[in-house]
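Peer 1: First the structure, which I've put down as C-alpha cells, then a few questions once you've had a look.
Residue numbers (our numbering): 579 to 1455.
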C-alpha cells in the first residue's frame, strides 16, 4: 500500500482524495485466494451466476475514512461521512469495497440506505448504487463495516466518485451562489414587486472561508438606509450592507451547521429557487410581506474538511448558540448577532455597532438623512447610482394588482431625492425604530435545517410551551407543511420539553444550546424550529390536496410506497415552505387548504386544538397516576382539566334540561303501558293461565334446575303487583321481589297444601326446568316461557328461598277450586284498574317535578363553580 496526502495508489487503482469534502484516510488490498483446478472460464461463469460468492469480484479493498478532525488534538469518533473517487486502468472489472471503520449505522442501512455514485465523464448525476450494500458489526459492536460492489467503466480515464449520501461541498455552494448572482445582475428593476437580492460575507471562518448571508425581498417598503456594520463582522469593506425595510418582518433560515447533513443544503436550495421565481404569485407575496435572511452554510470549514458533525476544533456548533465565542465559533457568533439585530428591528447596543461604516447620519428636521462623505467609496456609489435612481421611477411602473397584495403608492414608500451640490441626498421618513419586546419582534420565523440518520421521514422539532395558544401556534407550520408536501411527517414532529434539554450522548452537550432553543430563549420567538430530513426514506406518503386554481378535477398520482429520497425531493420540501408560510396568515393565493379535509386555516387550528386537548387529557391521566405516588402535577394541567370538566358539565346539564321533558314522557308512557298490559294479562287470563308459574326468566338471568310453586290465590297476585315499583323499568329482578315479599305467604300456603295432600294421598313429583314461566307481554316484546305441565287442572308450587332443587307437589284442580276464592267481577276489576292508574300518574308527576328540581340545582351549582374559576384564573375565560 502506498499513500500520499492527496491521492492513494493501490493495486493499479488510484483513489482520489484531493477535493472538497473528501475524507479517505487509508486503502488496503484484500488478497483473494485462487481456487486450484479451476480454469478462468469456469471462474468467470461462476461469478456471473453467483455475484454474492467469494469469487464474484476481481478485486477487493478495505478503506478507512478520516475521523472528524483527523490527526489533530481535536480528533473524535465521528466517522459516518465518506467521500472519495476511484480511477482504474482495467475496464469492466468487478471490485468490492469494504469501508471498515464507520460508526454503527445498522438501523439506517437495514432500512435500505445505499451510498451514491457518479462517473466523470459519463454519468454526471449522482444516484444510489444499484446493488444493495451489506454490512457487518464486530464482536464489540464498535466498528461497522459497509461493503458494496463496483464495476469499473470502459473509459480508463473516468473517475467514479462514491459518497455516503448526495454531497454538496463548499465549492459547490460558491459556484451555485455565483450563478445566482450573475442571473440577478442581468435583470433590471421595473416594478416594486421585483426581486431584491443581496449577497454578503458576514464573517470569515477559522480557516478563512466565507459565511455567506443572502437577503431577499421585494422593493416594497425599502428604505435608503443600509444595515449597520456590527462589531468584528463584515470584514470586506468593499461589500455594502443591504438596505433596511419598513414594516417587514424577517424570516431567518440557516443550514449545514453539521457538515455531513447535506439534505439541509438541498432543502435550502429548493426554498431559494422558489423565492427567486418572478412569475409565481406565492413567491411574489412572500417577498412583498417578508425579508428573508438565508445562511446556506454555517460550518464551511467542517464541510470542506469532510467532517460529519464537528468543526475543525472538534466542537458541535449547534450547542454553542447561547454564548458563542468570536474567536472559537465565529460563524455562530455572527449568526446570533444577526438574529438579535433583526429581532430588535435593526437596532443593537452601541458595543455591537462598528464605527467603520461609510455612511454618516445627520438629523435634518427630525428626519434621518444619509449623506456620502468618503471619497474612497465613490466607485461603489457610482455603481449603485443606477440601481437607486431606478427606484425614483417605480411610482410610474404598473404593478399588477392581486387579491392579497394591494396596490400601494411606491413614491410614499421610498425616498425623496435632492441633487444639491452634485451630491445625492436621500431622505427617509417614519424611521423611529425602538427596541421591541418578544411580542413585537422584528423576527417572524426561524428555521435551522438538518439531516437525520435514524428517524424516518421529514419532520420538525419545536419548543415546548405551557400556554396552549403558543403551543397551537408552534404546531401550525408543521401541520401546514404536511398539507403542502407529501413526504412531511407531522406525527413525527416533537414539541416536548425533554427534547429542548436532553444531553447528547456523543459530546455530552445539552440541546439548550441549539439554534432552535437558544433563539427562543433570546427572543421569545414561538416559531423557532429545527427541520430534519432523513437521508434515505420515510414511513408514509401524504395525500396532497389540489390547489385552488388547479380545481378538484385535477388528479395527482399518489405513491403508496415511500420512495428513496433524492435531491429533487429535498428541494421540494424547501419549496413547500413558501406556501406553508403564507398559509399561516391566510395570504396564499393558490392554497391547498380549501380542498383539504380541514377546508380552511380555522379548520386546521380547530384540529390542532382538539389534538392538544386529547394529549392534555392523556397527560392529565398520567399526572393523576403520578400524584397518587407522591408526584405533584403542574397547576396548569389541573386548571385546564377543571375548565374542560366544567364546560362539559354545563353543556351536559343544558342538554339534559332541554330533553328531559320529552324523554321522561316517553319513558312514563312506555313503562305505564307495559305495567298496565302485564296487570291486565295476569288478571284477565283463565284459571289455568293464572295458575301457571309466576317466576319469569328475564334477559341475562337464567336459573337452572329451579323449582317454582304457583301462586294459587288472588291475594298472592295482588301482593305481587304491589311489590312492583311503577317507576322502575319493567326489566326488574322479579325473582328477588318474589323471594323477599311472598316467601312468608307461600310458606303458609305450603303448609295448608301439605295437609290437603296428606289427607287425600294425591302427591306426585315433577322436575321443572328453568324454561317454565308464563307469557307476559312487555310493550312490543314478548317474554315467552313454556310450562312443562300437561293438564290445566294441576298446579305446582316453588319453595322460594331454597338454593337446591326439591320435590314438587301436584294437587288436583277440584281440591284447589274448593279452597280458592273466586275472581272479582269485571266492574270491580275496571274500578281497581282506574284507581291504580290514577295513583301511578300522580306519583309519576311528583317524581318528574322533583327530578327537574334536582337537575336545575345541579346546573346552578356548576355555573357558579365555572364563574368562580374564571374570576380566579382569567386565562380560562
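For each residue, glycine too, the CB sits at the ideal point set by N, CA and C. Bear in mind that the values here come from a model prediction, so they are computed numbers and not experimental data.
Please name the residue or residues paired with residue 635 in a DSSP beta bridge.
Peer 2: If you number the chain shown from 1, residue 635 lands on position 57. Partner(s): none; residue 635 has no beta bridge.
Peer 1: Whose CA, out of 1168, 1145 and 1146, lies closest to the CA of residue 1156?
Peer 2: As a first step, residue 1156 is located in the chain shown; it is residue number 578 there, counting from the start. Taking only the C-alpha atoms, the option nearest residue 1156 is 1168.
Peer 1: Helix, strand or coil: how does DSSP classify residue 597 here?
Peer 2: Within the chain shown, numbered from 1, the residue matching residue 597 stands at position 19. In the structure shown, residue 597 sits in coil (DSSP, three-state: anything other than H, G, I, E or B).
Peer 1: Would the segment 1018 to 1031 and the segment 823 to 832 be scored as touching if the rule is three or more Cβ pairs under 8 Å?
Peer 2: yes
Peer 1: Mapping DSSP to helix, strand and coil, what is residue 809?
Peer 2: For this step, residue 809 is matched to residue 231 along the chain shown. In the three-state reduction of the DSSP assignment, residue 809 falls in the coil class, being assigned neither a helical nor a strand state.
Peer 1: Residues in its own chain within less than 8 Å of residue 805 by CB, not counting five upstream and five downstream?
Peer 2: Translated into the one-based positions of the chain shown, residue 805 becomes position 227. If we look at residue 805 and ignore the five residues flanking it on each side, its Cβ neighbours are 819, 820, 821, 822, 919 and 924.
Peer 1: As a quick exercise: from 610, 1053 and 1069, pick the residue whose alpha carbon is nearest that of residue 673.
Peer 2: The residue you call residue 673 lines up with position 95 of the chain shown. Ranked by Cα distance from residue 673, the first of 610, 1053 and 1069 is 610.
Peer 1: Helix, strand or coil, according to DSSP, for residue 790 in the structure here?
Peer 2: Here residue 790 is taken as the residue at index 212 of the chain shown, counted from 1. Strand at residue 790.
Peer 1: With a 10 Å radius around its C-beta and 16 neighbouring C-beta atoms as the bar for buried, classify residue 715 as buried or exposed.
Peer 2: Residue 715 sits at position 137 when you count from the first residue of the chain shown. Residue 715 comes out exposed.
Peer 1: So for residue 915, helix, strand or coil by DSSP?
Peer 2: Working through the chain shown from its first residue, we reach residue 915 at position 337. In this structure, residue 915 counts as helix in the three-state DSSP scheme.
Peer 1: Between the segment 838 to 846 and the segment 1100 to 1117, do three or more beta carbon pairs fall short of 8 Å?
Peer 2: yes
Peer 1: So the beta strand (DSSP E) residue 674 belongs to, where does it begin and stop?
Peer 2: Counted from its first residue, the chain shown places residue 674 at position 96. Unbroken beta strand (DSSP E) run through residue 674: 672 to 680.
Peer 1: According to DSSP, is residue 1033 part of a helix, a strand, or is it coil?
Peer 2: As a working note, residue 1033 is residue 455 in the chain shown. In the structure shown, residue 1033 sits in coil (DSSP, three-state: anything other than H, G, I, E or B).
Peer 1: Specify whether the segment 659 to 679 and the segment 726 to 737 touch according to this definition: at least 3 beta carbon pairs, one from each stretch, less than 8 Å apart.
Peer 2: yes
Peer 1: For residue 1032, is the classification buried or exposed, using 16 other Cβ atoms within 10 angstroms of its Cβ as the cut-off for buried?
Peer 2: Counted from its first residue, the chain shown places residue 1032 at position 454. It is exposed - the Cβ of residue 1032 has fewer than 16 other Cβ atoms within 10 Å.
Peer 1: Look up residue 748 in the DSSP assignment and say whether it is helix, strand or coil.
Peer 2: In the chain shown, counting from the first residue as 1, residue 748 sits at position 170. Residue 748 falls in the helix class under three-state DSSP.
Peer 1: Between residue 748 and the rest of its own chain, which residues show a CB-CB distance below 7 Å, the 5 nearest in sequence each way excluded?
Peer 2: Sequence index remark: in the chain shown, residue 748 carries index 170 (1-based). Cβ within range, chain order: 598, 787, 875, 878, 881 and 882.
Peer 1: Would you mind reading off the limits of the beta strand (DSSP E) that contains residue 662?
Peer 2: Along the chain shown, read from residue 1 onward, the residue named residue 662 stands at position 84. Per DSSP, the unbroken beta strand (DSSP E) holding residue 662 starts and ends at 661 to 666.
Peer 1: Does DSSP classify residue 1434 as helix, strand or coil?
Peer 2: Here residue 1434 corresponds to residue number 856 of the chain shown, with the count starting at 1. DSSP places residue 1434 in helix when its eight states are reduced to three.
Peer 1: Do you know how far the Cα of residue 680 is from the Cα of residue 587?
Peer 2: On the chain shown, residue 587 is found 9 positions in, with the first residue counted as 1. On the chain shown, residue 680 is found 102 positions in, with the first residue counted as 1. For residue 587 and residue 680, the distance between alpha carbons rounds to 22 Å.
Peer 1: Nearest CA to the CA of residue 1073: which residue from 799, 1083 and 1039?
Peer 2: Counted from its first residue, the chain shown places residue 1073 at position 495. Checking every option, the nearest Cα to that of residue 1073 belongs to 1039.
Peer 1: Here's a check: name, in chain order, each residue in its chain whose Cβ is nearer than 6 Å to the Cβ of residue 966, leaving out the five neighbours to either side.
Peer 2: Stepping through the chain shown from its first residue, residue 966 is reached at position 388. Legend: pLDDT at residue 966 = 46, less than 50; position of this residue unreliable, value from coordinates given subsequently. Result list for residue 966: empty, nothing under 6 Å.
Peer 1: Would residue 1059 and residue 1153 be called neighbours here (beta carbons separated by less than 8 Å)?
Peer 2: Position 481 of the chain shown, counted from the start, is the residue given in the question as residue 1059. Position 575 of the chain shown, counted from the start, is the residue given in the question as residue 1153. No; because the gap between Cβ atoms is not below 8 Å, this pair is not in contact.
Peer 1: Thinking C-alpha only, which one of 752, 888, 757 and 861 is nearest residue 1087?
Peer 2: As a working note, residue 1087 is residue 509 in the chain shown. That would be 888, whose Cα lies nearest to the Cα of residue 1087.
Peer 1: Using a 10 Å radius around the Cβ and a threshold of 16 neighbouring Cβ atoms, would you call residue 739 buried or exposed?
Peer 2: The residue given as residue 739 occupies position 161 in the chain shown. It is buried - the Cβ of residue 739 has at least 16 other Cβ atoms within 10 Å.
Peer 1: With distances taken from CA atoms, which of 1071, 1180 and 1029 is nearest residue 746?
Peer 2: One-based indexing of the chain shown puts residue 746 at position 168. Looking at the Cα atoms, 1029 is the closest of the given residues.
Peer 1: Inspect the beta-carbon positions of residue 1478 and residue 828 and report whether they are closer than 8 Å.
Peer 2: The structure shown does not extend to residue 1478, since the chain is modelled only from 579 to 1455, so the question has no answer here.
Peer 1: Identify the continuous alpha helix (DSSP H) that holds residue 861 and give its terminal residues.
Peer 2: In the chain shown, residue 861 corresponds to position 283, counting from 1. Counting along the chain, the alpha helix (DSSP H) containing residue 861 begins and ends at 859 to 867.
Peer 1: For residue 585 and residue 765, what's the separation of their Cα atoms in angstroms?
Peer 2: In the chain shown, counting from the first residue as 1, residue 585 sits at position 7. In the chain shown, counting from the first residue as 1, residue 765 sits at position 187. Straight-line Cα distance between these residues: approximately 43 Å.
Peer 1: So what's residue 832 in DSSP terms, helix, strand or just coil?
Peer 2: Within the chain shown, the letter at position 254 stands for residue 832. When secondary structure is reduced to three states using DSSP, residue 832 falls in the strand class.
Peer 1: At which residues does the beta strand (DSSP E) containing residue 779 begin and terminate?
Peer 2: Here residue 779 is taken as the residue at index 201 of the chain shown, counted from 1. Segment 773 to 782, the beta strand (DSSP E) holding residue 779.
Peer 1: Measure the alpha-carbon distance for residue 1105 versus residue 810 and round it to whole angstroms.
Peer 2: Mapped onto the chain shown, residue 1105 falls at position 527. Mapped onto the chain shown, residue 810 falls at position 232. Cα to Cα, residue 1105 sits roughly 29 Å from residue 810.
Peer 1: Report the rounded CA-to-CA distance for residue 1081 versus residue 1089, giving the unit in angstroms.
Peer 2: Reading the chain shown from its first residue, position 503 is the one you call residue 1081. Reading the chain shown from its first residue, position 511 is the one you call residue 1089. The straight-line gap from Cα to Cα measures roughly 6 Å.
Peer 1: Is it true that the segment 679 to 694 meets the segment 706 to 714, where meeting means three or more beta-carbon pairs spaced less than 8 Å apart?
Peer 2: yes
Peer 1: Do you know offhand how far residue 1120's Cα is from residue 639's?
Peer 2: To locate residue 1120, count along the chain shown from 1; it is residue 542. To locate residue 639, count along the chain shown from 1; it is residue 61. One C-alpha to the other measures close to 42 Å.
Peer 1: Going by DSSP in three states, residue 1117 sits in which element: helix, strand or coil?
Peer 2: By one-based count along the chain shown, residue 1117 stands at place 539. Reduced to three states, the DSSP call for residue 1117 is coil.
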